[in-house]
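> Letter by letter, the sequence shown follows residues 162 to 577 of the working numbering. Even glycine gets a Cβ: it sits at the ideal position worked out from N, Cα and C. Dropping a structure here in structure tokens format, bear with me for questions.
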Amino acid sequence: MKSDISNKLKAFGPGILFASTCIGVSHLVQSTRAGADFGFQLVAFILLANLFKYPFFEFGSRFAAATKKNLLEGYLAEGKWVLWVYFILSLASMFTVTAAVTFVTAGMFNNLTGVTLDPAYISGIILVICTLILALGKYSILDTLLKVIGSVLLISTLVAFFGALYKGKVTPVENFVPKDIFERDSIIFIIALMGWMPTAVDLSTWNSLWTIERMKQTGYVPKLKEILADFNFGYIVTAVLAICFLTLGAKVMYGTGIELSNNSTIFSDQVVTLYTSALGNWAYLIIATAAFSVMFSTTITVVDGFGRAMGETTRLLFFKKADAKNTYKWMMIIVSAISFLFILLLSSNLKDLVDLATTLSFVIAPVIAIINYRVITSKQIPDDYKPGKKLLLLAKSGIVFLTVFAVIYIAVYFFL
162 MKSDISNKLK AFGPGILFAS TCIGVSHLVQ STRAGADFGF QLVAFILLAN LFKYPFFEFG
222 SRFAAATKKN LLEGYLAEGK WVLWVYFILS LASMFTVTAA VTFVTAGMFN NLTGVTLDPA
282 YISGIILVIC TLILALGKYS ILDTLLKVIG SVLLISTLVA FFGALYKGKV TPVENFVPKD
342 IFERDSIIFI IALMGWMPTA VDLSTWNSLW TIERMKQTGY VPKLKEILAD FNFGYIVTAV
402 LAICFLTLGA KVMYGTGIEL SNNSTIFSDQ VVTLYTSALG NWAYLIIATA AFSVMFSTTI
462 TVVDGFGRAM GETTRLLFFK KADAKNTYKW MMIIVSAISF LFILLLSSNL KDLVDLATTL
522 SFVIAPVIAI INYRVITSKQ IPDDYKPGKK LLLLAKSGIV FLTVFAVIYI AVYFFL
């Protein structure tokens, strides 16, 4: 019995990293905005995005369990062109994604400390710190740090959620007019919301990389059911918290006429106020600390994930004899440096920066989904590890879902 529990704990970790990646901009920013601007009208879109994206993230963990390799190696086995497609699509989004999460983190830091420095320069400092922590401490520090941070925010959010339910909805201002979800700007926001709900599909490669790294760290090779249990736990937590954040926005801000700010520091104060409105002003410092912590955890996870995934991709494509640790470190530095330049260029408008990052992620999602489906149904996977008919049906439905909304976005953005 003790041995079973010990083995499950050894497998436990990558799912938490996945959850930490998700519970950042998609939840603190996009889900909160969804509730504040539309009330509960967008709940279905959040649930559908979580449902239809599920197979493609699960495939990353399943591939690692089946082959003891990362998903990028699976892409390469299907043909070098497949890995090239992933490489090009990742280049199109990774700097904007990293810039968005880091800039929000900088706003959370300024709000917590009262510092008045330009968030763009705070972002640069945060990126340097994240890169140094990962280069020196590697996976073990990341794993331990995020388990603690994730627990604090999970408890804080659930308490605030039930507090908001208890207090009830705020009274709408006079002449309040709800937003129409069929307007052009609303459609664009809904697709941006789903773009990172729970996160971008191309991040599915990270699950496999973290799973393999966890095996190296513990020296234990988990069974498929242990790896999937860890992943499913993290995935369910992210889905539940997305609804919690939307509820906080809907209960505390919807109908008040208050717009979420484009200034990252002011926005951060507004988000923390959502919690204190439900819990009381005594909780402000606690929640501000938790909010900064979770955004910092998202930033460090994103720097690690892109560094690890793109480092491995460049190694497989260009430098097969290179040491994987070195390509990982160099790619982290490159991702951080160029993302900082993006922040300097785009930091004047937080909402536009976030919407750009999330929308790019959604538009490329169908391609990554098709690639993941191709790999998980290939001869690389032993029959005992292949998904069942229901999961494959959900995956096919997910490809249709992602494609339809990507086409809708392009049509609305360019022709309406």
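With H, G and I counted as helix, E and B as strand and the rest as coil, what does DSSP make of W357?
Position 196 of the sequence shown holds residue 357. Here W357 sits in coil by DSSP.
> In terms of residue numbering, what span does the alpha helix (DSSP H) encompassing T475 cover?
Locating residue 475 in the sequence shown gives position 314, counting from the first residue. Residues 445 to 478.
> Looking at M358: is its Cβ nearer than 8 Å to the Cβ of F566?
Locating residue 358 in the sequence shown gives position 197, where the first residue counts as 1. Locating residue 566 in the sequence shown gives position 405, where the first residue counts as 1. No, they are not a contact pair.
> With H, G and I counted as helix, E and B as strand and the rest as coil, what does DSSP make of K330?
One-based indexing of the sequence shown puts residue 330 at position 169. K330: coil per DSSP, three-state reduction.
> Is the number of C-beta pairs between the stretch 330 to 348 and the stretch 196 to 207 that are closer than 8 Å three or more?
Segments in contact, yes.
> Between the C-alpha atoms of R223 and V536, what's the straight-line distance to the nearest angstrom?
Within the sequence shown, the letter at position 62 stands for residue 223. Within the sequence shown, the letter at position 375 stands for residue 536. The alpha-carbon atoms of R223 and V536 are separated by roughly 11 Å.
> Considering only heavy atoms of the ligand MG, does any lie closer than 7 Å to the CB of L364?
This structure simply doesn't include the ligand MG, nor any ligand for that matter.
> In the DSSP assignment, find the alpha helix (DSSP H) that holds N393 and state where it starts and stops.
Indexing the sequence shown from 1 puts residue 393 at position 232. Start and end: 385 to 413.
> Under the assumption that G559 contacts P216 (Cβ atoms under 8 Å), give the Cβ distance between them as a whole number of angstroms.
Stepping through the sequence shown from its first residue, residue 559 is reached at position 398. Stepping through the sequence shown from its first residue, residue 216 is reached at position 55. Their Cβ separation, rounded to whole angstroms, is 6 Å, which keeps G559 and P216 in contact under 8 Å.
> Count the other C-beta atoms from every protein chain shown that fall within 10 angstroms of the C-beta of S413, then say buried if there are 16 or more, exposed otherwise.
In the sequence shown, residue 413 corresponds to position 252, counting from 1. Reading off the sequence shown, one finds Val at residue 413, where the question assumed Ser. Answer is buried; the Cβ neighbour count reaches 16.
> Which stretch, first to last residue, makes up the alpha helix (DSSP H) that contains Y381?
As a position in the sequence shown, residue 381 is number 220, starting the count at 1. Run containing Y381: none; DSSP gives neither H nor E here.
> Comparing C-alpha positions only, which one of I529, Y489, K377 sits nearest to L297?
Sequence index remark: in the sequence shown, residue 297 carries index 136 (1-based). Selected option, being the one with the closest Cα: Y489.
> Out of curiosity, what's the CA-to-CA distance linking V309 and F220?
In the sequence shown, the residue the question calls residue 309 occupies position 148. In the sequence shown, the residue the question calls residue 220 occupies position 59. When rounded, the distance between both Cα atoms is 27 Å.
> What is the DSSP secondary structure of L125, counted as helix, strand or coil?
Absent from the model: residue 125. The displayed extent of the chain is 162 to 577, so no value can be given.
> Buried or exposed: where does A180 fall if 16 or more other Cβ atoms within 10 Å of its Cβ makes it buried?
Start at 1 with the first residue of the sequence shown, and residue 180 comes out as number 19. When all chains shown are included, A180 counts as buried.
> Along the chain, where does the alpha helix (DSSP H) that runs through N487 open and close?
By one-based count along the sequence shown, residue 487 stands at place 326. Start and end: 485 to 507.
> Using 8 Å as the Cβ pair cut-off and three pairs as the minimum, do the stretch 237 to 247 and the stretch 377 to 384 touch?
The answer is no - the stretch 377 to 384 does not touch the stretch 237 to 247, with fewer than three Cβ pairs under 8 Å.
> Short of 6 Å in beta carbon distance, which residues of its chain neighbour C405, apart from the five on each side in sequence? Order them along the chain.
Sequence index remark: in the sequence shown, residue 405 carries index 244 (1-based). Counting only Cβ-Cβ distances below 6 Å, and skipping sequence neighbours, we find T318, F322.
> Give me the residue from G549, F562, V432 with the minimum Cα distance to A530.
On the sequence shown, residue 530 is found 369 positions in, with the first residue counted as 1. Minimum Cα distance to A530 is reached at F562.
> Would you give the residue range spanned by the alpha helix (DSSP H) that F343 belongs to?
For the purposes of this step, residue 343 is identified with residue 182 of the sequence shown, where counting begins at 1. No alpha helix (DSSP H) holds F343; DSSP gives it neither H nor E.
> Relative to the C-alpha of G268, which residue among K229, T459, F453, I495 is closest?
Residue numbering aside, residue 268 sits at position 107 when the sequence shown is read from its first letter. Comparing Cα-Cα distances from G268 to each of K229, T459, F453, I495, the minimum goes to F453.
> Would you mind giving the Cβ-Cβ distance between I525 and A253, rounded to the nearest angstrom? I have them listed as a contact below 8 Å.
Counting from 1 along the sequence shown, the entry for residue 525 is found at position 364. Counting from 1 along the sequence shown, the entry for residue 253 is found at position 92. Going by Cβ atoms, the distance from I525 to A253 rounds to 7 Å, so yes, they are a contact pair.
> Could you check how far apart the C-beta atoms of G410 and L435 are, in whole angstroms? I think they sit under 8 Å.
By 1-based counting over the sequence shown, the position of residue 410 is 249. By 1-based counting over the sequence shown, the position of residue 435 is 274. That belief holds up - the Cβ atoms of G410 and L435 are roughly 7 Å apart, short of 8 Å.
> With a 10 Å radius around its C-beta and 16 neighbouring C-beta atoms as the bar for buried, classify P339 as buried or exposed.
The residue given as residue 339 occupies position 178 in the sequence shown. Its Cβ having fewer than 16 others within 10 Å, P339 is exposed.
> Taking three-plus beta-carbon pairs below 8 Å as touching, is the stretch 473 to 480 in contact with the stretch 444 to 451?
No: the two stretches stay apart, fewer than three of their Cβ pairs being nearer than 8 Å.
> Can you look up I529 in the DSSP assignment and give me helix, strand or coil?
Counting from 1 along the sequence shown, the entry for residue 529 is found at position 368. Residue state, collapsed to three classes: helix.
> Pick helix, strand or coil for D544, following the three-state DSSP scheme.
Within the sequence shown, numbered from 1, the residue matching residue 544 stands at position 383. Reduced to three states, the DSSP call for D544 is helix.
> To the nearest angstrom, report how far apart L209 and P527 are at their CA atoms.
As a working mapping, residue 209 is identified with position 48 in the sequence shown. As a working mapping, residue 527 is identified with position 366 in the sequence shown. Computed Cα separation, rounded: 15 Å.
> Is I419 helix, strand or coil by DSSP?
Residue 419 sits at position 258 when you count from the first residue of the sequence shown. In the structure shown, I419 sits in coil (DSSP, three-state: anything other than H, G, I, E or B).
> Does the separation of the CB atoms of N272 and T437 fall below 8 Å?
Sequence index remark: in the sequence shown, residue 272 carries index 111 (1-based). Sequence index remark: in the sequence shown, residue 437 carries index 276 (1-based). No, the pair does not count as a contact, with Cβ atoms beyond the cut-off.
> Under three-state DSSP, which class holds V103?
Not covered by the structure: residue 103. The range shown for the chain is 162 to 577.
> List the endpoints of the continuous alpha helix (DSSP H) containing S187.
As a first step, residue 187 must be located in the sequence shown, where it is residue number 26. Element bounds for S187: n/a, residue is neither H nor E.
> How far does the alpha helix (DSSP H) with K214 in it reach, from first residue to last?
For the purposes of this step, residue 214 is identified with residue 53 of the sequence shown, where counting begins at 1. Element bounds for K214: 204 to 228.
> Nearest CA to the CA of I290: which residue from S458, N393, D391?
Counted from its first residue, the sequence shown places residue 290 at position 129. With distances taken between Cα atoms, I290 lies closest to S458.
> Please report the Cβ distance between T366 and A470, rounded to the nearest whole angstrom; I am assuming they are in contact, meaning their Cβ atoms lie under 8 Å.
For the purposes of this step, residue 366 is taken as the residue at position 205 of the sequence shown. For the purposes of this step, residue 470 is taken as the residue at position 309 of the sequence shown. With a Cβ gap of about 5 Å, T366 and A470 count as contacting.
> Going by alpha carbons, who is nearest to T408 out of T193, I373, G185?
Translated into positions along the sequence shown, residue 408 becomes position 247. The shortest C-alpha separation from T408 is found at T193.
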